[in-house]
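Novice: Below you will find the structure I want to go over with you.
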Amino acid sequence: MNTVVVAVTGPSSSGKSTLSRLLRQVFDNSTIIYQDDFYLTDKDIPVAANGLQDWDCPEAFDLEYMHKVLKHIRQHGTAPKDFHSKEETNSLGPSHVDDEQVHRIKEAIPKSLQEARVVIVDGILLLNKDSPLVDDFDVKLFLRASYSVLKERRENRTGYVTLEDFWEDPPGYFDDIVWPGYVKAHSYLFEHGNVEGQLDQPAIDRGIKLVPAKSMVSILDWAVTQIKQTASAIHE
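Mapped onto my numbering, the consecutive letters of the sequence shown carry residue numbers 1 to 236.
So this is what it looks like as structure tokens:
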């Protein structure tokens, strides 16, 4: 059975988990792998120069283990027995996509492609420079939102369950840690290093696609088309 591994990435609060769960509704034989399940233990999270723990840098994750899990899924169809997800139980806000819209998009997928195994990988640091994960993906979808929208969404969150405790962003965390970390990790993908601009040609050549700034149902429809095209090519 063919496997299509889809990266759904972008900055914190850009809509990755919402899109990932909608994609799982569309593709019958699909699963989600959350990068947040690969955080190091709380005591091992790096500390930034300002003394705050940095949960938004590559060094906060066990990326090598994540790479091994993705490789195992591609080869065997399931995650290793020692892998367990805590993120799957986390609730999300409304997607603003109803069941009828999901059904319409789902019905447009040929039966042969519905049989393909689709692995959706949700994370903030899937395509950062020097990541061991970059070549693990067949489809690379990059979500964005403006600085102001991302900041508002992040600061409206109540906090995050960690491996051992609960994390709540201290005042100024978005400006001090989250946004600078996002820019540092991803500026190499964009023309002139402007993360609110266009992808540069090398990023495009590597198959990275910017998700259009539209309604979530339009984004879902677009993302399904990208996956269908790749799955069809693999199937052939």
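Each residue gets a CB set at the ideal place from its N, CA and C atoms; glycine is no exception.
(1) For D135, which three-state DSSP category applies?
(2) Return helix, strand or coil for L141, following the three-state DSSP convention.
(3) Report the CB separation of L70 from I32 in whole angstroms; it is logged as a contact under 8 angstroms.
(4) Can you check whether the CB of L125 is closer than 8 angstroms to the CB of P58?
(5) Thinking C-alpha only, which one of P212, V118 and D42 is nearest R24?
(6) Considering only the beta carbon of each residue, do P132 and L63 sit closer than 8 angstroms?
(7) For the beta strand (DSSP E) holding V69, just list the boundary residues, first then last.
(8) Once you ignore the five residues that flank T162 on each side, which residues in its own chain have a CB closer than 6 angstroms to its CB?
(9) What residues in its chain sit with their C-beta under 6 angstroms from that of K129, if we drop five residues either side in the sequence?
(10) Could you give the DSSP three-state label for F27: helix, strand or coil?
(11) Is it buried or exposed for I227, if we count other Cβ within 10 angstroms and need 16 for buried?
(12) Tell me whether A7 is buried or exposed, calling it buried when 16 or more other Cβ atoms sit within 10 Å of its Cβ.
(13) In its own chain, which residues sit with a C-beta less than 7 angstroms from the C-beta of V183, not counting the 5 before and 5 after it?
(14) Please return the same chain residues whose Cβ sits closer than 8 angstroms to the Cβ of D205, not counting the five positions on each side in sequence.
(15) To the nearest whole angstrom, what separates the beta carbons of K209 and L143, a pair I think is in contact under 8 angstroms?
(16) Check each candidate in Q229, A233, V224 and P80 and name the one with the smallest Cα separation from H103.
(17) Please return the same chain residues whose Cβ sits closer than 8 angstroms to the Cβ of S146, not counting the five positions on each side in sequence.
(18) Pull up the distance between the alpha-carbon of V97 and that of A213, whole angstroms please.
(19) Out of V4, N2, K16 and V5, state which residue places its alpha-carbon closest to the alpha-carbon of M216.
(20) I need the boundaries of the beta strand (DSSP E) containing F122, first residue and last residue.
(21) Note down, in chain order, each residue of its chain lying with its Cβ closer than 6 angstroms to the Cβ of I73, except the 5 sequence neighbours on either side.
(22) In the DSSP assignment, find the alpha helix (DSSP H) that holds L150 and state where it starts and stops.
(23) Exposed or buried, what is H186 when buried is set at 16 or more other beta-carbons lying within 10 Å of its beta-carbon?
(24) Considering only C-alpha positions, which residue in the set V26, M66, D176 and R21 is nearest to E100?
Specialist: In this structure, then:
(1) helix
(2) strand
(3) Not really, about 12 angstroms apart at Cβ, beyond 8 angstroms.
(4) yes
(5) V118
(6) yes
(7) Careful: V69 lies outside any beta strand (DSSP E), inside the alpha helix (DSSP H) at L63 to H76.
(8) D42
(9) Y188
(10) coil
(11) buried
(12) buried
(13) V195
(14) none
(15) No, K209 and L143 are not in contact; Cβ-Cβ is about 10 angstroms, not under 8 angstroms.
(16) V224
(17) E196
(18) 15 angstroms
(19) K16
(20) This sequence places Asp at residue 122; Phe is not what is there. Counting along the chain, the beta strand (DSSP E) containing D122 begins and ends at R117 to G123.
(21) A79 and V119
(22) Y147 to E155
(23) buried
(24) V26
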